[in-house]
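Sequential numbering from 1 applies to the first sequence in the numbering used here.
Have a look at the structure below, then the notes.
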Amino acid sequence: MKDKVVPRTLSGFMELMPQEQILFNKLKKIIEDVYSSYGFYPIDTPVIESSEVLLAKAGGETEKQIYRFNKGDNDLSLRFDLTVPLAKYVASRYNDLIFPFKRYQIGKVFRGERAQKGRFREFYQCDIDVIGNETLSLMYDCEIPSIIYDIFKNLNIGDFIIRINNRKILSGFFESLDLTNMITEILRIIDKIDKIGIDNVREELINLKIPTDKIDKIINFITIEGTNEEKINKLLESDIKNDIFNEGVNELNFVIKNLKSLNMNENNYEIDLTIARGLDYYTGTVYETNLKDYPSLGSVCSGGRYDNLASYYTDKKLPGVGISIGLTRLFYQLCESNILNKEENSVADITVLPLTYNYEYVFNFVRELRKKGLKTDVVYLDKLKQLIKYADRQKTPYVIIIGDDEIQKEIAILKNMKTGKQIEVTINNVVDVYEQDLNNKM
RNA sequence: GCGAGUAUGGUGAAGGGGUUAACACGGCGGAUUGUGGUUCCGUUAUGCUAGGGUUCGAAUCCCUAUACUCGCCCCA
């Protein structure tokens, strides 16, 4: 035993049991289905890219967290998000793509940072973006929340709220306070408000040596209360004289107004001036989404508008808007909070247990079941007890037992594993009997 | 990158220097050679992350390494 290698999985890498994997895949499929229902195209890009491409814009953090290695003379890296590969993709195929370019991409990304609760080194991102050529209609800023809305409705994991803000409002506001030079630090602090609370925000702002009167103004500003309409009106009526600020307010006003016409429930979205988001490239509308019943989970989906996607690869101006769902973290959190129903995730609808060597007879049944779209598992084990136990552990709702006695009578036994009821079926009525029993139970 | 903590079978774990490492779950075999999720019986770590030290004696105390967990930074 000593010379065996311990079969372990690296920290920060999620590996699931089959039952869990089914659930995970269900969530992934729901997201994918909603994305494509809005007319977005799927793309896939390599997990490995040349470091030169991936690190073209390289902030300090990215460089620290990226998995980078050499193979021969090649300097390679694992992608750490799906946005940079998108930028490369669009820049290199600019002449062939149709704009506005609507794509989604679901795939694994890698970050070489220390793993923590709900923080992974390999995780799925589910990205969706629209990229415009030179310009991009603000209507796409409205479409994005609508997509989020549909996804979280379909995921069926409880009530949720999409929080919306516009970076121009914050930028303009801080410009008017003459704090432009520290805007990155301030936004970072404000963004943490949900986590650390308003008092700590104030404290950290004091640490930045911002005058108290300005801190009061900031706190008052970001905690504006009221309905969406009231908040907009307060912003429109404010005495802040700043062009960027006004532009932001108008954009936000436009987005909020149009969300109504997209048939979204007003309880599921709100203006939240504390959302700062992605301190790098977001320039306009920004979004975060939280589960109302589980605020401690933090944002489960976030994104926004950016002016220029691919400035490191091309001179073309490519504005875009999009979101990303961190599916691995979301799934992890949903499991931790017992929001997902982990029961009854058998792949097969029916498990067939052959107690005979006359497989030809068995396969006739199997073919019939599969032809009708029933997922049918056939098990080959020596003993009936093992067969039954297999079906039991797989939580298959139904089993079919076929032994030599049944073959003699030209039947099979359909067993409902929940009720224990057994019915004799023939090849002609097996599907009907199955469906009848299934419907009776419901 | 910085800080704190933990390390015992497939899993959850007890044992805090004294001869065979508790208990539970799971697994396997059987009671029950055509019927599971109940019950009963048997079985399941020559070893306590690795290496070194203290000791007559170490899973237990000390040191080093590694891994893992949790914070911070940052982020999905």
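Cβ atoms here follow ideal geometry from the backbone N, Cα and C, with glycine treated the same way.
Since we're looking at a predicted model, the values are computed, not measured.
Do residue i and residue j have their C-beta atoms within less than 7 Å of each other?
i      : j      : result
Thr289 : Ile162 : yes
Ile169 : Val249 : yes
Phe365 : Ala412 : yes
Leu291 : Gly158 : yes
Val201 : Ile189 : yes
Ser324 : Ile244 : no
Ile284 : Arg167 : Note that residue 284 is Gly in the sequence shown here, rather than Ile. Yes, the pair counts as a contact, with Cβ atoms nearer than the cut-off.
Asn416 : Asp437 : yes
Ile128 : Gly320 : no
Leu369 : Ile350 : yes
Val109 : Arg79  : yes
Gln125 : Leu155 : no
Val379 : Leu353 : yes
Thr328 : Gly403 : no
Val130 : Pro100 : yes
Gly304 : Tyr332 : no
Helix, strand or coil: which one does DSSP assign to residue i?
i      : result
Phe123 : strand
Lys375 : coil
Leu16  : coil
Val352 : strand
Ile400 : strand
Thr283 : strand
Lys57  : coil
Lys385 : helix
Met1   : The pLDDT assigned to Met1 is 31, lower than 50, so where the model puts this residue is not dependable, and the model offers no usable value.
Val130 : strand
Ile98  : coil
Glu336 : helix
Val90  : helix
Gln422 : strand
Met442 : Note that Met442 scores 49 on pLDDT, short of 50, meaning its location in the model is unreliable; the coordinates nonetheless yield the value given after this. Coil at Met442, not helix or strand.
Met264 : coil
Gly298 : coil
Asn364 : helix
I'd like to confirm the pairing. Which residues does DSSP put opposite residue i in its beta bridges?
i      : result
Leu76  : Ser50, Phe69
Arg163 : Glu270, Glu288
Pro42  : Tyr104
If you follow the beta strand (DSSP E) that residue i is in, where does it begin and where does it stop?
i      : result
Gly322 : 320–326
Lys108 : 101–110
Ser302 : 301–306
Ile240 : It is not in any beta strand (DSSP E) - Ile240 carries neither H nor E in the DSSP assignment.
On the DSSP letters alone, give me the boundaries of the alpha helix (DSSP H) that residue i sits inside.
i      : result
Gly248 : 243–261
Gly197 : 193–207
Lys415 : Run containing Lys415: none in the alpha helix (DSSP H); it sits in the beta strand (DSSP E), 412–416.
Ile144 : 139–155
Lys117 : Where Lys117 is concerned, there is no enclosing alpha helix (DSSP H), given that its DSSP letter is neither H nor E.
Asp81  : First-last for Asp81: undefined, no H or E at that position.
Ile218 : 212–222
Open item on the list: I want to know whether the segment 137–144 touches the segment 108–122 - three or more CB-CB distances under 8 Å.
Closed with: no
Open item on the list: Using a Cβ distance threshold of 8 Å, determine whether the segment 309–317 contacts the segment 11–22, with at least three qualifying pairs required.
Closed with: no
Open item on the list: Does the segment 214–231 come into contact with the segment 141–159, if we say contact requires no fewer than three beta-carbon pairs (one atom in each stretch) closer than 8 Å?
Closed with: no
Open item on the list: Would you call the segment 258–268 in contact with the segment 191–211, where contact means no fewer than 3 C-beta pairs closer than 8 Å?
Closed with: no
TODO: For the segment 48–55 and the segment 263–274, state whether three or more C-beta atom pairs, one from each stretch, are separated by less than 8 Å.
DONE: no
TODO: Decide yes or no for the touch test of the segment 35–47 against the segment 65–73: beta carbon pairs closer than 8 Å, at least 3 of them.
DONE: no
Open item on the list: Counting beta carbon pairs with one atom in the segment 98–109 and one in the segment 33–40, are three or more of them shorter than 8 Å?
Closed with: yes
TODO: Decide if the segment 429–440 is in contact with the segment 380–393; the criterion is three or more beta carbon pairs, one per stretch, under 8 Å apart.
DONE: no
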